[in-house]
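Shown next, in structure tokens, is the structure this report addresses.
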Amino acid sequence: MATVQEIINDAAIEIGILVAGGSLGTEDEAWVLRKFNRYLNTLSKEGLNFDIKTREQFTLTSGTKIYSIGVAQDFDTVRPILIDYAYIRINDTDYSCRVRHIDEYDKIVNKASRDGRPYRLYYNPKYQFGEITLFPNPDDSYALHLVSIKPFTTYTLLSATVELPAEYEEVFVLNLAVRIAGRYGRTVSPQTRADAKETHANLKSDNFGDNIRGKIFRSDHAYDTHDGHRFYDIEGDTVR
């Protein structure tokens, strides 16, 4: 998978304002990054939304069972749409922490009955930050690993990895090249313009067709059901 920097550089090379191995000036990079993000926003407005499966680790606090998750929260990250699965890692051993709806937690009669290694995780994806409740109460600073589904967002760092299938890179490079050419007085070749239009159209076709991206992808964990939705797995570079 390419970085944002690589996509920006390749778009600049495409219209002849940069040679391989070179780099744009700081102000130009910032401007092209804004143009890239605007293009991504355009895709979103067209209904081309991509949900990303991400893997993260967080450290629990002994005696604390409720954690907020979101930017500047207890777990400082983008708020998940849902949590696909979770586990506690102790040394080299992983212990399943089954994900359940928060309503099930409400049915537990004695919630303070014991402490120990959590084996249930209840998630409430409320806005603006989600809330994770663990059972039983953690009795140690365990390493909690989460595999969650998050919305595809725009980028702030050039070093960020574009966590989408590799075939999308050509869509981004060509369409970004078309969008930045005018600033530098460059004429986009008919072939590049045609390729940009075709790749964008193919992206829309894939997104809304039956083959893949228009739906959220179903988990392959028997105990997790998401109404037939499927997700793109950034670790395996596959769709599930």
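Each residue of the sequence shown is one higher than the one before, starting from 4 at the first, in our numbering. All C-beta atoms, glycine included, are put in the ideal place defined by N, C-alpha and C. A quick note: this is a predicted structure, and the numbers were derived from the prediction, not measured.
By the 10 Å Cβ neighbour count, where 16 or more other Cβ atoms means buried, how is arginine 186 classified, buried or exposed?
-> It counts as exposed.
Contacts around tyrosine 42, its chain only, beta-carbon distance under 8 Å, and the 5 residues preceding and following it disregarded = Phe175, Asn178, Leu179, Arg182
Out of curiosity, what's the CA-to-CA distance linking serine 222 and glycine 28?
-> With a pLDDT of only 35 at serine 222, under 50, the local geometry of the prediction cannot be trusted, and the value read off the model is given with reservation. Cα-Cα distance, rounded: 43 Å.
Entirely enclosed beta strand (DSSP E) segments - the stretch 82-160, minimum 3 residues | 85-93, 96-104, 123-127, 133-138, 146-154
Phenylalanine 138 and lysine 68: beta carbons closer than 8 Å?
-> A contact, by the Cβ cut-off of 8 Å.
Buried or exposed by the 16-neighbour rule on C-beta atoms within 10 Å, applied to proline 141 = buried
CA nearest to the CA of leucine 244, picked from Gly19, Ala23, Phe39, Asp77 = Since the first residue of the chain shown is 4 and the last is 243, residue 244 is not available in this structure.
Taking the C-alpha atoms as reference points, what is the distance between isoleucine 11 and glycine 119?
-> 49 Å
Cβ-based neighbour list, alanine 14, same chain, cut-off 6 Å, excluding 5 preceding and 5 following | Val176, Leu179, Ala180
Measure the C-alpha to C-alpha separation of serine 47 and asparagine 205 and round it to an integer number of angstroms.
-> 15 Å
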